[in-house]
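Note sheet for the following structure.
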């Protein structure tokens, strides 16, 4: 099998390093060192760290299992639970270190980079809309009450999930995620 | 009036700069330049940036109006609403730039600094307990249903608030906060 291209090695390394260190603490040199490529090669492939961050955000989004929220072979409420359980396991496996790339970039880069901010707005909107569509299905099959606007609740849950990660990075014991599941599935999606 | 001590000038500047730039993007030189003091003077007053961050966290906590949550001259549900409305206004006034110092530090520093992580655990726990106590009062006066555990709901709401900030730093239009108020006060605290 051919060796990954330099560009691909840089994206792989950046994916790992942005996730681990966040945006500001992760410089081009850290990325190229981690990729095992010369720092000078970076600018042959990317105009800036920001441009690379946009590629990483897109790739990260592809791993969030958002399309599975539309899988009608599974009951909608079970799909919602599986979605957030997957996300929780993905944070837990790193001992609650690292966070969500979207959340990290919102905190660190959205104020300073219009391009990253635009990417985040799209990512959060796509994700919240998929959650809202699944809530709507769950309301239609009677597993979730219809008292709440699915769009508002979808937006709220996506943000509340990001906040559970914030709490969990401090607590590192699963208690913030547990509170999320209790209220989200015990009250809001019931 | 006497000029603020160098230590005080450093804390004031750090409070501002940590809030604006987060932990990693805010170095000692940025803080001392912003304070108008020589960089060398920093280590006369603080052992490290981390030690200063702990002082800033404590001062920030003092501004979050957590004691007002126990003010029994105001109805408990009104107190909860006033609390989150104050926090929302405090973010909105910066055009949704900056965030919560606790949330920023959780994302950026909790993985790497045990001291900051300990401070965050205490700050979030104190805050969530004050919210829980107020929910308990609201349950007792009948303004909030007793179906939810006040401790779990308090914890959830504090985290959901942090997540609303994450969403708002991308959206910057008030929509994430609006979703928080709709679900928190329309469903969870009703």
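Protein chains in written order, with our numbering: chain A, 491 to 680; chain B, 491 to 680.
For each residue, glycine too, the CB sits at the ideal point set by N, CA and C.
Outcome for residue 658/A when other beta-carbon atoms lying within 10 angstroms are tallied against a minimum of 16: As a working note, residue 658/A is residue 168 in the first chain. Buried: at least 16 other Cβ atoms inside 10 Å.
Residues near residue 670/A by beta carbon distance below 6 Å, same chain, minus five either side: The count along the first chain starts at 1 and reaches residue 670/A at position 180. Residues 654 of the same chain have their beta carbon placed closer than 6 Å to that of residue 670/A, with the five preceding and five following residues left out of the count.
Cα-Cα separation between residue 555/B and residue 547/B, rounded to whole angstroms: Working through the second chain from its first residue, we reach residue 555/B at position 65. Working through the second chain from its first residue, we reach residue 547/B at position 57. Cα to Cα, the separation comes out at about 14 Å.
Spatially closest choice to residue 724/A from 674/A, 637/A and 595/A, by CA coordinates: Here chain A comprises residues numbered 491 to 680, so residue 724/A is not present and cannot be evaluated.
Rounded separation between residue 569/B and residue 501/B - CA only: As a working mapping, residue 569/B is identified with position 79 in the second chain. As a working mapping, residue 501/B is identified with position 11 in the second chain. Straight-line measurement puts the Cα of residue 501/B at about 30 Å from the Cα of residue 569/B.
Interfacial residues, the stretch 539–569 of chain A to chain B, with Cβ spacing under 9 Å: Considering only beta carbons, no part of the stretch 539–569 of chain A lies closer than 9 Å to chain B.
Members of the stretch 596–622 of chain B that neighbour chain A once the beta carbon cut-off is set at 7 Å: Answer in chain order: 596, 597, 598, 600, 601, 607, 610, 611 and 614.
Proximity of residue 558/A and residue 598/B at Cβ, strictly below 8 Å: As a working note, residue 558/A is residue 68 in the first chain. As a working note, residue 598/B is residue 108 in the second chain. Cβ atoms of residue 558/A and residue 598/B: not closer than 8 Å.
Rounded C-alpha distance that separates residue 562/B from residue 656/A: One-based indexing of the second chain puts residue 562/B at position 72. One-based indexing of the first chain puts residue 656/A at position 166. Each residue's CA atom was taken as its position, placing residue 562/B and residue 656/A some 30 Å apart.
Helix, strand or coil at residue 522/B [DSSP, three-state]: Taking the second chain and counting its residues from 1, one reaches residue 522/B at position 32. DSSP places residue 522/B in helix when its eight states are reduced to three.
Among 665/B, 618/B, 642/B and 518/B, the one whose alpha carbon lies nearest that of residue 560/B: Stepping through the second chain from its first residue, residue 560/B is reached at position 70. Nearest C-alpha to residue 560/B: 618/B.
Assigned exposure category for residue 528/A - 16 Cβ within 10 Å defines buried: As a first step, residue 528/A must be located in the first chain, where it is residue number 38. In summary, residue 528/A is exposed, with fewer than 16 beta-carbon neighbours lying within 10 Å of its beta-carbon over all protein chains present.
Cβ-based neighbour list, residue 522/B, same chain, cut-off 6 Å, excluding 5 preceding and 5 following: Along the second chain, one-based indexing puts residue 522/B at 32. Listed in chain order, the non-local C-beta contacts of residue 522/B below 6 Å within the same chain comprise 529 and 532, local neighbours out to five positions each way being set aside.
Chain A within 8 Å of residue 645/B, Cβ atoms only: Counting from 1 along the second chain, the entry for residue 645/B is found at position 155. By this cut-off, residue 645/B is an interface position.
Start and end residues, alpha helix (DSSP H) containing residue 539/B: The sequence position of residue 539/B within the second chain is 49, counting from 1. Note, residue 539/B: alpha helix (DSSP H), 539–552.
Chain B contacts made by the stretch 648–670 of chain A, where a contact means CB separation under 9 Å: Among the residues of the stretch 648–670 of chain A, those with a Cβ less than 9 Å away from any Cβ of chain B are 648, 649, 650, 651, 652, 653, 654, 655, 656, 657, 658, 659, 660, 661, 662, 665, 666, 668, 669 and 670, in the order of the chain.
Endpoints, the alpha helix (DSSP H) within which residue 649/B is located: One-based indexing of the second chain puts residue 649/B at position 159. Element bounds for residue 649/B: 640–661.
Which of helix, strand or coil DSSP assigns to residue 672/B: Mapped onto the second chain, residue 672/B falls at position 182. Of the three classes helix, strand and coil, the one that applies to residue 672/B here is helix, per DSSP.
Residue 513/B (DSSP reduced to helix, strand or coil): Residue mapping note: residue 513/B aligns to position 23 of the second chain, counting from 1. Residue 513/B falls in the coil class under three-state DSSP.
Chain B residues whose Cβ lies nearer than 7 Å to that of residue 642/A: Here residue 642/A refers to the residue found at position 152 when the first chain is read from its first residue. Ordered by position in chain B, the residues that pass the 7 Å Cβ test against residue 642/A are 669, 672 and 673.
Minimum Cβ-Cβ distance from residue 629/A to chain B less than 8 Å: Here the question's residue 629/A lines up with position 139 in the first chain. Contact of residue 629/A with chain B is not assigned, every C-beta pair being separated by 8 Å or more.
Residue 569/B (DSSP reduced to helix, strand or coil): For the purposes of this step, residue 569/B is taken as the residue at position 79 of the second chain. If DSSP states are grouped into helix, strand and coil, residue 569/B belongs with the helices.
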